[in-house]
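Going down the list, the sequences are from chains A and B.
Residue numbering for the first sequence follows my numbering, beginning at 41 and increasing consecutively.
Residue numbering for the second sequence follows my numbering, beginning at 41 and increasing consecutively.
No residue lacks a Cβ here, since even glycine has one placed at the ideal position from N, Cα and C.
Predicted, not measured: the structure shown is a model, and the values here were computed from it.
Scroll down for the structure; my scribbles are underneath it.
2 protein chains.
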Amino acid sequence: MTDVARLAGVSHQTVSRVLNGHPNVREQTRNRVRAAISELGYRPNRAAKALVTGRSQVLGVVAQNSTLYGPASLLVAFEHAAAEAGFTVSVGNVSVLDRHSIGRAVEQHLDQRVAGIVVIAPVESANEALEHLPADVPLVTIDGDPSRPAALVTVDQAAGARDATKFLLDAGHSTVWHVSGPNDWFDSTGRVQGWRDALTAAGVEVPPVVPADWTAASGYRAGQMLARMPEVTAVFAANDHLALGILRAMSERGRRVPEDVSVVGFDDVPEAAYFIPPLTTIRPDFEAVARATLAMLLGQIESGTPTATRHTIAPELVVRDSVAPPAGR
Amino acid sequence: MTDVARLAGVSHQTVSRVLNGHPNVREQTRNRVRAAISELGYRPNRAAKALVTGRSQVLGVVAQNSTLYGPASLLVAFEHAAAEAGFTVSVGNVSVLDRHSIGRAVEQHLDQRVAGIVVIAPVESANEALEHLPADVPLVTIDGDPSRPAALVTVDQAAGARDATKFLLDAGHSTVWHVSGPNDWFDSTGRVQGWRDALTAAGVEVPPVVPADWTAASGYRAGQMLARMPEVTAVFAANDHLALGILRAMSERGRRVPEDVSVVGFDDVPEAAYFIPPLTTIRPDFEAVARATLAMLLGQIESGTPTATRHTIAPELVVRDSVAPPAGR
DNA sequence: CCGGCACATGTTATCGATCACATCGCGTTG
DNA sequence: CAACGCGATGTGATCGATAACATGTGCCGG
Chain A
41 MTDVARLAGV SHQTVSRVLN GHPNVREQTR NRVRAAISEL GYRPNRAAKA LVTGRSQVLG
101 VVAQNSTLYG PASLLVAFEH AAAEAGFTVS VGNVSVLDRH SIGRAVEQHL DQRVAGIVVI
161 APVESANEAL EHLPADVPLV TIDGDPSRPA ALVTVDQAAG ARDATKFLLD AGHSTVWHVS
221 GPNDWFDSTG RVQGWRDALT AAGVEVPPVV PADWTAASGY RAGQMLARMP EVTAVFAAND
281 HLALGILRAM SERGRRVPED VSVVGFDDVP EAAYFIPPLT TIRPDFEAVA RATLAMLLGQ
341 IESGTPTATR HTIAPELVVR DSVAPPAGR
Chain B
41 MTDVARLAGV SHQTVSRVLN GHPNVREQTR NRVRAAISEL GYRPNRAAKA LVTGRSQVLG
101 VVAQNSTLYG PASLLVAFEH AAAEAGFTVS VGNVSVLDRH SIGRAVEQHL DQRVAGIVVI
161 APVESANEAL EHLPADVPLV TIDGDPSRPA ALVTVDQAAG ARDATKFLLD AGHSTVWHVS
221 GPNDWFDSTG RVQGWRDALT AAGVEVPPVV PADWTAASGY RAGQMLARMP EVTAVFAAND
281 HLALGILRAM SERGRRVPED VSVVGFDDVP EAAYFIPPLT TIRPDFEAVA RATLAMLLGQ
341 IESGTPTATR HTIAPELVVR DSVAPPAGR
């Protein structure tokens with residue numbers, strides 16, 4: 041920086057002002073400094089800046105399992121949005137979302153003096169951890185507990201589930217079965233809720249929830265059971281992988297989809313269009329979630345006060361070939 | 041740090057020594073300092089450390105599209121390994137792997153004074169970018185050009201492809217067709233090579249490569265064509281998503297898998313076991329790749345010299361239900 | 001009994017930026 | 001026309017760590 045200052049014939053402070061877009065610098069001086077910067081190929085040392093300001097241009101993300109399509113997409117979208125705003129993203133994966141793990145991951149980010157933190161906290165157990173976090177750091181939660189008063193961005197799970205269920209009812213099915221995700225996930229309980237709402241709103245019998253986790257394996261097991269029940273003609277699966285398992289179980293038992301059984305998924309993974317048959321599903325807009333999260337976080341960083349705003353993104357129904365009227369009609 | 045020093049009754053330098061595990065500190069002093077640290081909840085300021093040492097405890101990763109299962113798994117595995125070694129990972133996604141984008145992503149990491157960089161560079165176009173990078177920064181390439189003299193970790197694509205092809209030949213098929221990935225990917229050309237080698241080694245006719253990209257959509261298109269050709273009884277798909285598309289095309293045309301046509305994929309995505317039928321595929325060990333990459337990078341960081349070592353990970357055949365002897369037998 | 005040499009510890013400079021305050025012109029105003 | 005204010009710029013302190021060198025102790029061998 042001193043070299044740049046010397047070459048431009050100004051003081052280091054003026055260089056700093058140019059760098060930070062400070063207004064009180066003469067146009068001509070600004071240009072001389074700019075020229076010197078590019079001539080020397082100078083690049084500011086972020087560590088020095090972080091040292092004196094106490095904040096870095098880094099955002100930390102705490103996620104659980106970014107191998108899954110949803111979280112991975114979210115991460116990429118967020119990283120992209122952050123890069124456009126001049127921020128770098130530092131990822132801290134944890135294997136379990138309990139208090140201890142989240143706490144440690146957050147601590148680690150604080151060590152690095154990140155400017156803000158995003159926690160993808162879709163499960164109950166993450167809640168407790170979030171309660172015990174230092175309150176003065178900008179923090180936004182994605183897919184966290186809707187009932188917690190905190191900065192939160194969520195996909196409207198219930199609305200998506202309602203759409204899916206209504207779509208099946210509208211096709212003529214007398215009721216819709218639901219294979220759910222693990223019930224400590226908010227995503228999962230929200231979907232169950234939306235499904236139940238749509239059924240009761242239609243004045244239709246609510247069958248018992250078929251519990252599963254998010255894997256194709258558990259969808260397959262649930263599917264084996266449902267395939268044996270002739271009264272089951274419509275199934276709403278809590279995600280696309282479950283749906284895949286269900287499709288296979290149905291196919292093995294000779295129940296055709298969609299002629300005998302209709303299936304709707306959730307997530308719209310890229311392969312969903314190439315399942316057998318192509319899967320009708322609900323698509324959450326991860327880009328929108330990422331953008332909203334970033335905007336909220338930057339707002340907190342600029343204002344200096346963690347605020348408990350909230351943003352909900354409505355998902356969208358994608359119609360393909362896995363739904364048809366029930367066989368009897 | 042000064043506070044800690046005061047509380048422990050030593051100088052800040054001694055605190056620094058304790059922190060960095062310097063040997064010449066008396067046991068008793070070390071304990072006093074430790075006690076003071078935990079009593080005050082002191083945490084070292086990484087920015088200050090980075091400023092004075094010129095290196096941060098951050099590793100940068102440049103990847104193209106970490107939404108895909110392979111790259112996402114790699115990223116998570118690497119992040120995990122890095123965390124164990126006390127490093128944080130900063131991700132820089134780029135949309136295209138051309139010289140400009142990679143250059144910019146790398147620059148951005150250098151700005152942050154990362155200790156080392158990993159570039160996941162599976163395509164030809166990344167090569168040029170890598171040539172023009174500053175040579176003095178520790179850098180390891182994953183899935184890069186095997187013919188370039190650089191620090192490189194790769195999955196042995198050719199070996200995996202050979203295994204897959206041989207497995208199909210051993211089942212009794214007279215030859216094996218191949219639906220390939222985009223041919224500017226090294227992964228793709230490696231798999232083509234291995235497939236071709238296995239066929240010629242068996243003294244068997246080599247059918248033309250069916251070109252595709254990595255998507256289920258293009259696999260479906262390729263599958264539609266192959267399904268119309270009765271002489272096709274065995275297909276090796278360059279990845280599992282292609283295989284999924286092929287499975288659907290076959291099913292639509294009434295060709296049963298594996299009775300009429302056998303299919304093998306590559307990657308072992310988690311859902312592969314729940315395709316219809318469960319897919320026989322090749323599993324690359326992403327964890328091993330991540331570990332090898334980290335070890336190589338840390339080696340370079342410690343020695344201070346970028347070295348052109350190389351490490352190849354052999355993938356593994358996972359047998360499921362998508363392969364059977366040809367119908368004629 | 002003293003020089004020397006490890007080991008334990010302290011002192012001061014340094015990294016590269018920003019911040020707070022000082023200074024210098026120069027046009028405006030009463 | 002002197003005082004003032006403000007825009008443009010410079011000066012020195014500062015953030016929190018490590019590096020290099022200095023100092024103080026105790027033990028050993030000659």
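Under 7 Å between the Cβ atoms of aspartate 280 of chain A and phenylalanine 226 of chain A? no
Run through DSSP, which three-state label would serine 214 of chain A get? coil
Let me check one thing: in DSSP terms, what residues is asparagine 133 of chain A bridge-paired to? A:Ala103
Expressed to the nearest angstrom, what Euclidean distance is found between the alpha-carbon atoms of arginine 323 of chain B and proline 63 of chain B? 45 Å
Residue range of the beta strand (DSSP E) that phenylalanine 326 of chain A falls in? Unbroken run through phenylalanine 326 of chain A is the alpha helix (DSSP H), 326-343; no beta strand (DSSP E).
Using the Cα positions of glycine 200 of chain B and leucine 137 of chain B, report the straight-line distance between them to the nearest angstrom. 25 Å
Given threonine 333 of chain A, which residues of its chain have a CB within under 7 Å of its CB, disregarding the five upstream and five downstream residues? Phe118, Val158, Val180, Ile182, Val193
Using a Cβ cut-off of 7 Å, pull out every chain A residue sitting near alanine 125 of chain B, in sequence order please. Near alanine 125 of chain B there are no residues of chain A at all, since even the closest Cβ is about 13 Å away, more than 7 Å.
Which residues mark the beginning and the end of the alpha helix (DSSP H) in which isoleucine 142 of chain A is found? Residues 139-151.
Through-space distance from glutamate 271 of chain A to aspartate 224 of chain B, alpha-carbon basis: 51 Å
Spatial neighbours of tyrosine 109 of chain A in its chain, beta-carbon cut-off 6 Å, leaving aside the 5 residues before and after: Val309
By a C-beta neighbour count over all protein chains shown, 10 Å radius and 16 as the cutoff for buried, is serine 214 of chain A buried or exposed? exposed
C-alpha distance - alanine 122 of chain B paired with glycine 339 of chain B, whole-angstrom precision: 13 Å
Answer with yes or no whether the minimum CB distance from serine 56 of chain B to chain A is below 7 Å. Serine 56 of chain B does not count as touching chain A.
According to DSSP, simplified to helix, strand and coil, what is histidine 351 of chain B? strand
For glycine 344 of chain B and leucine 99 of chain B, what's the separation of their Cα atoms in angstroms? 15 Å
What are the boundary residues of the beta strand (DSSP E) that leucine 319 of chain A is part of? Looking at the DSSP string, leucine 319 of chain A is not in any beta strand (DSSP E), and its letter there is neither H nor E.
Confirm, please, whether the CB-CB distance from aspartate 196 of chain A to alanine 354 of chain A is below 7 Å. yes
Valine 329 of chain B to leucine 208 of chain A, Cα distance in whole Å? 45 Å
Pull the bridge partners of alanine 277 of chain A from the DSSP assignment, please. A:Val219
Using a cut-off of 9 Å between C-beta atoms, extract the partners of leucine 91 of chain A located in chain B. Asn85, Ala87, Ala88, Ala90, Leu91
Nearest chain B C-beta to isoleucine 353 of chain A closer than 7 Å, yes or no? no
Give a yes or no on whether the C-beta atoms belonging to alanine 278 of chain B and phenylalanine 306 of chain B are separated by under 7 Å. yes
Please identify the residue among A:Ser51, A:Ala335, A:Ala267 whose C-alpha is closest to the C-alpha of arginine 288 of chain A. Looking at the Cα atoms, A:Ala267 is the closest of the given residues.
Answer yes or no: does any C-beta atom of chain B fall closer than 7 Å to that of arginine 369 of chain A? Reliability of the predicted coordinates at arginine 369 of chain A is poor, the pLDDT of 49 falling under 50, and the value obtained from them is presented with this limitation in mind. Not an interface residue.
Buried versus exposed, by CB contacts within 10 Å (16 or more), arginine 369 of chain A: Any reading at arginine 369 of chain A must be qualified, since the residue scores a pLDDT of 49, below 50, and its modelled position is unreliable; the value itself is stated next. Label assigned to arginine 369 of chain A: exposed.
Using only the alpha-carbon positions, how far apart do arginine 231 of chain A and methionine 290 of chain B sit? 34 Å
Grab me the residues of proline 298 of chain A's own chain with a C-beta within less than 6 Å of its C-beta, minus the 5 sequence neighbours each way, in chain order. If we look at proline 298 of chain A and ignore the five residues flanking it on each side, its Cβ neighbours are Ser362, Val363, Ala364.
Check the Cβ of alanine 160 of chain B against every Cβ in chain A and list those closer than 9 Å, keeping chain order. Note on identity: in this sequence residue 160 of chain B is isoleucine, with alanine being the wrong assignment. What isoleucine 160 of chain B touches in chain A: nothing, since even the nearest Cβ is about 13 Å away.
Excluding the 5 residues preceding and the 5 following alanine 219 of chain B in the sequence, name in chain order all residues of the same chain whose CB lies nearer than 7 Å to its CB. First, the amino acid is wrong: residue 219 of chain B is valine here, not alanine. Closer than 7 Å at the Cβ level, and outside the excluded window around valine 219 of chain B, lie Val250, Ala252, Gly259, Ala262, Val275, Ala277, Ala278, Leu282, Ile286.
Count the other CB atoms, across all protein chains shown, that sit within 10 Å of the CB of serine 96 of chain B; report buried if there are 16 or more and exposed otherwise. buried
Residue burial classification, threonine 320 of chain A (beta-carbon count within 10 angstroms, cutoff 16): buried
Within a Cβ cutoff of 6 Å, which residues of the same chain sit near valine 163 of chain A, ignoring the five residues on either side of it in sequence? Leu137, Asp224, Trp225
Does any residue of chain B have a CB that is nearer than 7 Å to the CB of asparagine 133 of chain A? yes
Between valine 102 of chain B and alanine 145 of chain B, is the Cβ-Cβ spacing less than 7 Å? yes
Would you report the Cα separation of proline 318 of chain A and arginine 296 of chain A, rounded to the nearest angstrom? Whole-angstrom Cα-Cα distance: 13 Å.
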